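Each protein sequence line maps, in turn, to chains A and B.
Going from the first sequence to our numbering is simple: count from 1 and add 14.
Going from the second sequence to our numbering is simple: count from 1 and add 54.
Working notes for the structure below.
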Amino acid sequence: MSGQHIARALPVVVAGNRAERLTDLFDVHYARLYRLARRLAPSTDDALDLVQETFLRAAQFPKSIPLGAANEEAWLVRVLINIRRDQWRKRSVRDRHDKAILRGSRLASDGRDPEAVLIARTAVWQALDILPPRRRAIVVMYELEGLAIPAIASLLGISAITVRWHLSTGRHKLTDALKAYLGGSR
Amino acid sequence: MKEIRELLQEADPLRYEPTWPSSRQDLHRRAFLAAASGSRAPAEVGSRSRMVFATVALTAIAASFLGSRVWSVFVSDLQAAAVRFEVRLAEDRPASGLREAKVSGSGRAVYLHDEVIVSNSDIAVARVVPGGGPSEYSIGIEFKASGAEKMRAATGNHIGKLVAILLDGQVVMAPVLRTPIDVSARISGNFTRAQAERIVNGIETK
Chain A
15 MSGQHIARAL
25 PVVVAGNRAE
35 RLTDLFDVHY
45 ARLYRLARRL
55 APSTDDALDL
65 VQETFLRAAQ
75 FPKSIPLGAA
85 NEEAWLVRVL
95 INIRRDQWRK
105 RSVRDRHDKA
115 ILRGSRLASD
125 GRDPEAVLIA
135 RTAVWQALDI
145 LPPRRRAIVV
155 MYELEGLAIP
165 AIASLLGISA
175 ITVRWHLSTG
185 RHKLTDALKA
195 YLGGSR
Chain B
55 MKEIRELLQE
65 ADPLRYEPTW
75 PSSRQDLHRR
85 AFLAAASGSR
95 APAEVGSRSR
105 MVFATVALTA
115 IAASFLGSRV
125 WSVFVSDLQA
135 AAVRFEVRLA
145 EDRPASGLRE
155 AKVSGSGRAV
165 YLHDEVIVSN
175 SDIAVARVVP
185 GGGPSEYSIG
195 IEFKASGAEK
205 MRAATGNHIG
215 KLVAILLDGQ
225 VVMAPVLRTP
235 IDVSARISGN
245 FTRAQAERIV
255 NGIETK
């Protein structure tokens, strides 16, 4: 009996260390992924699901995650954007259809803000839905996270020129969609 | 005149919403570790088992009960004979009508509901599947249609609470339910192959 316990000790230790590394991966990157996911997804719940899905993908292919925090982050961010892109492709048609209803319910659910401000805010945020997820991610990283173009390029594994192109196309589309809120001469 | 950046900053939901609930993060962490612990397929397990494992892992009970705490005490007492298998709903705090039980190997107390949701007769197949590490094995279970229906009905209203798996009356694991369980479940533990086979045979012969 005691021999059995000794024989079992080693795999247990290995499993423990591995679990620890994965726990670290999770704890280090969870908040960052949530913040990105929330800005790509329509709701908190969708964002949480997106993060969950990303980590489950990581659990499925642990060996393909490169070492080092920056590399891990890049891997996870790319996976998250890819998952979001798949969802977006499947849902974009239906979402556009539902948008009017959704807008009504969101407005009704929050009475603390003056209505006009809230309408504007909601409309602005919904305008982001016209951008495909990767382009949206680039706009979010640049405008909201304050990342520089080379940093975005290396995070996504694409060239700075491509980032610049996505950024200018994305802003062009948003400017079109948000004319009313940009005010003045436009 | 406003710039795009300014508009986006004003509309950014992260400015207005509370951060994500930590309870959800804990659930995610557990599901992640459970999925990760099952993701290595040891070389000595055949491809058939691996396929079964893949299907099982998707719907498996999502909780990580890695390591030594679950099994070492209990498994050595198992005989080669029949093994009585039960699944019951459980709670993490006492209440009237609930029976206290200790989870084998950990000493953690859980409080079991009286009703047995499924037992041996509801199992279609039990198989040995790869566990959390080299030379560690878990047990994959697929329920018959009747069993799957009972599991779905019972676990669907119990999300976020505990479900207990008992072998011969002993609680061997009591994970938090993340999604309803239906056709399949996995009993994770660091069995040796021989132990896992003994349990599988015991479950099926009963």
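Even glycine gets a Cβ: it sits at the ideal position worked out from N, Cα and C.
For clarity, every value in this text was computed on a predicted model and none was experimentally measured.
Min CB distance residue 171/A to chain B below 9 Å: Taking the first residue of the first sequence as 1, we reach residue 171/A at position 157. Output row for residue 171/A: interface = no.
Distance cut-off 8 Å: residue 42/A Cβ against heavy atoms of the ligand PLP: No copy of the ligand PLP occurs in the structure displayed, which carries no ligand at all.
Neighbour list for residue 139/A in chain B, Cβ cutoff strictly below 7 Å: Position 125 of the first sequence, counted from the first residue, corresponds to residue 139/A. Here the neighbours are 65 and 67.
Rounded straight-line distance, which links the Cα of residue 68/B to that of residue 235/B: In the second sequence, the residue the question calls residue 235/B occupies position 181. In the second sequence, the residue the question calls residue 68/B occupies position 14. If you take the alpha carbons of residue 235/B and residue 68/B, they lie about 34 Å apart.
Same chain only: Cβ atoms within 8 Å of residue 141/A, ignoring 5 sequence neighbours per side: Within the first sequence, the letter at position 127 stands for residue 141/A. Counting only Cβ-Cβ distances below 8 Å, and skipping sequence neighbours, we find 188, 191 and 192.
Contacts around residue 1/A, its chain only, beta-carbon distance under 8 Å, and the 5 residues preceding and following it disregarded: This structure cannot settle anything about residue 1/A, because the visible part of chain A is limited to 15 through 200.
Secondary structure of residue 181/B, DSSP reduced to three states: In the second sequence, the residue the question calls residue 181/B occupies position 127. Three-state result, residue 181/B: strand.
Contact between the stretch 175-182 of chain B and the stretch 207-226 of chain B (3+ Cβ pairs under 8 Å): no
Residue(s) in a DSSP beta bridge with residue 165/B: The sequence position of residue 165/B within the second sequence is 111, counting from 1. Looking at the DSSP assignment, residue 165/B forms a beta bridge with 145/B and 154/B.
Residue environment, residue 104/A, which counts as buried when at least 16 other CB atoms sit within 10 Å: Translated into positions along the first sequence, residue 104/A becomes position 90. Exposed is the call here.
Chain-ordered residues of the stretch 75-87 of chain B with a beta carbon less than 9 Å from chain A: 75, 78, 79, 81, 82, 83, 85, 86 and 87
Counted within 10 angstroms of its Cβ, other Cβ atoms place residue 42/A as buried (16 or more) or exposed: Here residue 42/A refers to the residue found at position 28 when the first sequence is read from its first residue. Exposed, since its Cβ has fewer than 16 Cβ neighbours within 10 Å.
Boundaries of the alpha helix (DSSP H) in which residue 205/B is found, first to last residue: Counting from 1 along the second sequence, the entry for residue 205/B is found at position 151. 199-210 is the extent of the alpha helix (DSSP H) around residue 205/B.
Under 7 Å from the C-beta of residue 90/A: neighbouring residues of chain B: Within the first sequence, the letter at position 76 stands for residue 90/A. Here the premise fails: no neighbours, minimum Cβ distance about 12 Å.
Buried/exposed call for residue 81/A, threshold 16 Cβ in 10 Å: Numbered from its first residue, the first sequence carries residue 81/A at position 67. Around the CB of residue 81/A, fewer than 16 other CB atoms lie within 10 Å, so the residue is classed as exposed.
Touching by the beta-carbon criterion (3+ pairs, under 8 Å), the stretch 136-147 of chain B and the stretch 165-174 of chain B: yes
Delimiting residues of the beta strand (DSSP E) encompassing residue 62/B: Here residue 62/B is taken as the residue at index 8 of the second sequence, counted from 1. Element bounds for residue 62/B: not the beta strand (DSSP E) but the alpha helix (DSSP H), 58-65.
Chain-ordered chain B contacts of residue 62/A [CB-CB under 8 Å]: By one-based count along the first sequence, residue 62/A stands at place 48. Correct list: 74, 78 and 82.
DSSP state of residue 172/B mapped onto helix, strand, coil: Reading the second sequence from its first residue, position 118 is the one you call residue 172/B. DSSP places residue 172/B in the strand class (E or B) of the three-state scheme.
Cβ neighbour criterion (16 or more within 10 Å) applied to residue 195/B: Counting from 1 along the second sequence, the entry for residue 195/B is found at position 141. Counting Cβ neighbours within 10 Å, residue 195/B comes out buried, since at least 16 surround it.
Same chain only: Cβ atoms within 8 Å of residue 167/A, ignoring 5 sequence neighbours per side: Counting from one through the first sequence, the residue named residue 167/A turns up at place 153. Answer for residue 167/A: 173, 174, 176 and 177, listed in chain order.
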